[in-house]
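There are 2 protein chains.
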Amino acid sequence: MRNVDVAIIGAGSAGLSARSEVAKITENYLVIDDGPLGTTCARVGCMPSKVLIQAANDFHRRHKFSAMGINGGSDLSIDLKTTMEHVRSLRDRFVRGVLGGISSWQDTHLIQKRATFIDQNSLKVGDEIIKAKKIIIATGSKPILPDAWNEYKDYFVDSDFFFELENFPKKMAVLGYGVIGLELGQAIHRLGVEVTFIGRRPVVGGLTDPEIASYTWKKLSEEMDLSSDGIEILGKSKNGLRIKTGEREIEVEKVLFGLGRQPMVKGLGLENLGIEFNSKDVPLYDPETYLVKGTEGVYLTGDATGIFPVLHEASDEGKTAGFNAVRENRTPFKKRTRLSVTFSDPNICLVGKSYKELKDEGIDFVTGEVSFEGQGRSIVMLKECGLMHVYGCKKSGLLLGAELFAPSGEHMAHLLAWAIASKKTVFEILSFPFYHPVLEEGLRAALRGIKYNVDAKEPPLEVPLA
Amino acid sequence: MRNVDVAIIGAGSAGLSARSEVAKITENYLVIDDGPLGTTCARVGCMPSKVLIQAANDFHRRHKFSAMGINGGSDLSIDLKTTMEHVRSLRDRFVRGVLGGISSWQDTHLIQKRATFIDQNSLKVGDEIIKAKKIIIATGSKPILPDAWNEYKDYFVDSDFFFELENFPKKMAVLGYGVIGLELGQAIHRLGVEVTFIGRRPVVGGLTDPEIASYTWKKLSEEMDLSSDGIEILGKSKNGLRIKTGEREIEVEKVLFGLGRQPMVKGLGLENLGIEFNSKDVPLYDPETYLVKGTEGVYLTGDATGIFPVLHEASDEGKTAGFNAVRENRTPFKKRTRLSVTFSDPNICLVGKSYKELKDEGIDFVTGEVSFEGQGRSIVMLKECGLMHVYGCKKSGLLLGAELFAPSGEHMAHLLAWAIASKKTVFEILSFPFYHPVLEEGLRAALRGIKYNVDAKEPPLEVPLA
């Protein structure tokens, strides 16, 4: 038996962030992870997907070549085996980076075994009992795969396995067009796989603004085969599965699951803690300290919470839990301004309060709009596709949120998120510089749309307003 | 003779901005421009250069194709005639946009003739005398071409003529590597022209931070032939000119002038105003109202001031002059936070206070640094090239400025400029969201570098700090 100040279950992004905070205060901690090490982000998430998307978008760009006087674009071809080797090669570099960060403490503080709770202060780790004053659960998430289709599972690919593929089948269905489905699905579509996206609602990437959602659906449908009629698996066929969506029957070799990720909280012995759970079997916890309700020292952080599984939130949550686990008084931290990016092309981003949140909360807001069809820099880039809505407080002109489907949306989303975090009004933002010719000038047009429709008068100006 | 409230000389970006403000208050105004109409920006500046750069960078990208499994990249070729037709075709679209904006008032308010001053309230326009209560000079700028080399001028190309080229010679020298020289020069280099850049100091794009400047010089030198040894024209050769830079003698077909732009203030009869001029023959003026010193109603705006000739500044200056020209009391407007972008690849940007300004003003500052070699998203993009310095107040951690040579620098520069305009400290900025994996995480690393070295203590936090 060992006694430690803190035990952290999981050496992923949340667990490693927690560890950094804990190690600032005590050397008497343990991190327990039964592998594989290297984080979801680096192994099977953010990083390898972006490498694939980069290759796919670079290849896709050939369709614009002849207009610009670049000859030979139509003779370009893709060697998917090399593409996937490239993806894995960079992935391995990112994983090595993570493992390098672990190396200085793994001999003394890492146990590569499975942990289960005995009680709120005790874990069984292999044959050993570990007593810990505080325990942080950072077990992460895994792809959602419905049990009902177990008989077809040989034909299923999830994002954990996806990056191990040596090559791609000719025809695939992608189930779900949230972040994962859309990112990977559009990438393999652009790399030459015949893809049918299947979901239940004509809304992609978590958009809640009906106009942005319908524009995005329309534009993506022009490029790809999107069905919102749900899926029925009819049975196996010679080379794959026969499936049905709406009235259409299709044969596909594989089905890629892009239905999102679920917290990995089963098999941890959480039932021994005398705590309450939500409908998804996730312990109830305080979202500002990550303390599990009904405990004095058990924390739940990162993807394991089942809420918004993105890296920067996982890091923050781990940090918060670690920070609080080694202090007498807990500090309740707020979340950063909400920011989510789907790295489709164009990007889909939600920033600050979504349209739905504003409506649900009964906030009186004004919408500014810009189309990237006809926007100067979009024309230059031959990327005239996109629509952005920016929301401002009707009374004050305070920037509240935005939903967008726009070229270089990831960058615009940061600008918006920082302006929201800074509690800036559209008047103030319009006094900031916008260079020329940039996509950000599209954002300016949307901000002007808000400015003309808010109750507040333009304040005395220091700079001439845009 | 006509009497008007306001006469605006020049229908470029500054003049048109001034007109918008004037027209809000009075219909009794005139805009005088002897053409060509369409603005420097749309005709021969920002817009066509960005179209050329887009084509060049898309073509250049082929060098990364094989690593990603895209075959055939080395068989791509460029048809420069088509490229230039594409550039002109989009340029014409932008010019049409400008002319469309003029169409509603040109019949009643535009005179397409040359104006010269008789006195502070009178202009000679063709055979007509126009009396104006206020006169706004917005005559713009033209490329700098030294008179001394007049005998070789058949071999010279400036940015006014550049976009009319049907094709490019095999070998060119580019004089100067400020914004124009570097943007156009790198573009034609990437499109296959053999280019030698010639200047007098190994500093490109106006950088003032010695480390950023020397890194940028080094990296660009790896791609292109850069000489800082000055130019001597030895004489004409069979197909062009023989020139000398340092010890090297080179034969080039043409010389592209990228020495910047000079204000067009000659031939306007400014000597009739009884005013003072600076060493460049530009009237002295108040930089917060644009009123020419020694006058009660003559304004000087836009590129004609000879200061920082970029579009968003020209628009602001025109707006300020127009706003003040139609009001009893003049409002002194400040300039927006400084932002300049050279659309080279990677971009070169200066934001807020430059390194040199901070030094000259004796400000006690701390530098945060990030290299984009090894930065996560740069690796993904196969764009591992770049260095950024961010400057913060040593005492408070207030963000002051930045100089950078970085992939997608234009976007990062906006983020930085807005944060500076918002008067944010590095502590506050680090509480804003940074998505993953994005280039902005590089910026975060630089901000942390400042945070660790400022005198101010981390304030009580609402969100966990990055």
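If you're matching them up, the sequences are chains A and B in order.
Numbering-wise, the working numbering puts 275 at position 275 of the first sequence, and it's gapless, one number per residue.
Numbering-wise, the working numbering puts 834 at position 368 of the second sequence, and it's gapless, one number per residue.
Ideal placement from N, C-alpha and C gives every residue a C-beta, glycine not left out.
Per DSSP, reduced to three states, the secondary structure at residue 231 (chain A) is coil, with no helix or strand assignment. For chain B, the residues of the segment 427 to 451 of chain A that bring a beta carbon within less than 7 Å of one of its beta carbons are 431, 432, 433, 434, 435, 436, 437, 438 and 440, in chain order.
Among the residues facing chain A, residue 752 (chain B) is not included, as its CB has no counterpart in that chain under 8 Å away. The beta carbon of residue 41 (chain A) lies closer than 7 Å to those of 13, 47 and 311 in the same chain, with the five residues before and after it left out.
Residues of the segment 861 to 894 of chain B whose Cβ lies closer than 7 Å to any Cβ of chain A, in chain order: 874, 876, 877, 880, 881, 883, 884, 885, 887, 888 and 890. For the beta strand (DSSP E) assignment, the uninterrupted runs of no fewer than 3 residues enclosed by the segment 42 to 122 of chain A are, from N- to C-terminal side, 115 to 119. Under the DSSP definition of a beta bridge, residue 131 (chain A) partners with A:3 and A:122. Secondary structure at residue 922 (chain B): coil, using DSSP grouped into helix, strand and coil. Residue-level contact check: residue 172 (chain A) does not touch chain B, since none of the beta carbons of chain B fall below 8 Å from its beta carbon. In this chain, residue 13 (chain A) is not harboured by any beta strand (DSSP E); it is covered by the alpha helix (DSSP H) spanning 13 to 23.
Under the Cβ criterion of 8 Å, residue 782 (chain B) is counted among the residues facing chain A. Interface with chain B (8 Å Cβ-Cβ cutoff): residue 57 (chain A) is excluded. Interface residue (Cβ-Cβ distance to chain B less than 8 Å): residue 336 (chain A) is classified as such. Here residue 29 (chain A) carries a strand assignment [DSSP, helix/strand/coil]. Contact between the segment 55 to 64 of chain A and the segment 178 to 193 of chain A is present: three or more C-beta pairs spanning the two stretches fall below 8 Å.
Classified as buried, residue 821 (chain B) has 16 or more neighbouring CB atoms from the shown chains inside 10 Å of its CB. Across the set A:421, A:426, A:422 and A:383, the C-alpha of A:383 shows the shortest separation from the C-alpha of residue 409 (chain A). Annotated as proximal: residue 578 (chain B) and residue 500 (chain B), with beta-carbon spacing under 8 Å. Residue contact with chain B for residue 70 (chain A): present (Cβ-Cβ distance below 8 Å to some residue of chain B). Looking at the DSSP output, residue 390 (chain A) shares a beta bridge with A:368 and A:402.
In this structure, A:20 is the residue among A:20, A:5 and A:2 with its C-alpha nearest to the C-alpha of residue 315 (chain A). Put simply, the CB of residue 845 (chain B) is near chain A, with a gap under 8 Å to one of its CB atoms.
Taking a cut-off of 8 Å on C-beta distances, the segment 760 to 770 of chain B touches the segment 598 to 611 of chain B, as three or more cross pairs fall below it. Measuring C-alpha to C-alpha distances from residue 641 (chain B) to each of B:611, B:799 and B:475 identifies B:611 as the nearest. Annotation: the continuous alpha helix (DSSP H) that includes residue 214 (chain A) extends over 210 to 223. For residue 930 (chain B), at least one C-beta of chain A is nearer than 8 Å to its own C-beta.
The criterion of a C-beta distance shorter than 8 Å is not satisfied by residue 553 (chain B) and residue 510 (chain B). In chain order, 552 make up the part of chain B whose C-beta sits under 7 Å from the C-beta of residue 67 (chain A). Against chain A, a Cβ distance below 9 Å from residue 663 (chain B) picks out nothing, because the smallest value is about 23 Å. Every unbroken stretch of the beta strand (DSSP E) spanning 3 or more residues and falling wholly within the segment 597 to 651 of chain B is given here in chain order: 607 to 609 and 637 to 641.
The C-alpha of residue 898 (chain B) lies about 15 Å from the C-alpha of residue 341 (chain A). If you look at residue 816 (chain B), you'll find it isn't in any alpha helix (DSSP H); it sits in the beta strand (DSSP E) that goes 813 to 818. Beta-bridge pairing by DSSP links residue 841 (chain B) to no other residue. Residue 869 (chain B) counts as buried, since at least 16 other C-beta atoms from the protein chains shown sit within 10 angstroms of its C-beta. Fewer than three beta-carbon pairs drawn from the segment 675 to 685 of chain B and the segment 536 to 552 of chain B are found closer than 8 Å, and the two stretches are therefore not classed as touching.
At a beta-carbon threshold of 9 Å, none of the residues of chain B lie near residue 186 (chain A); the nearest stands roughly 16 Å away.
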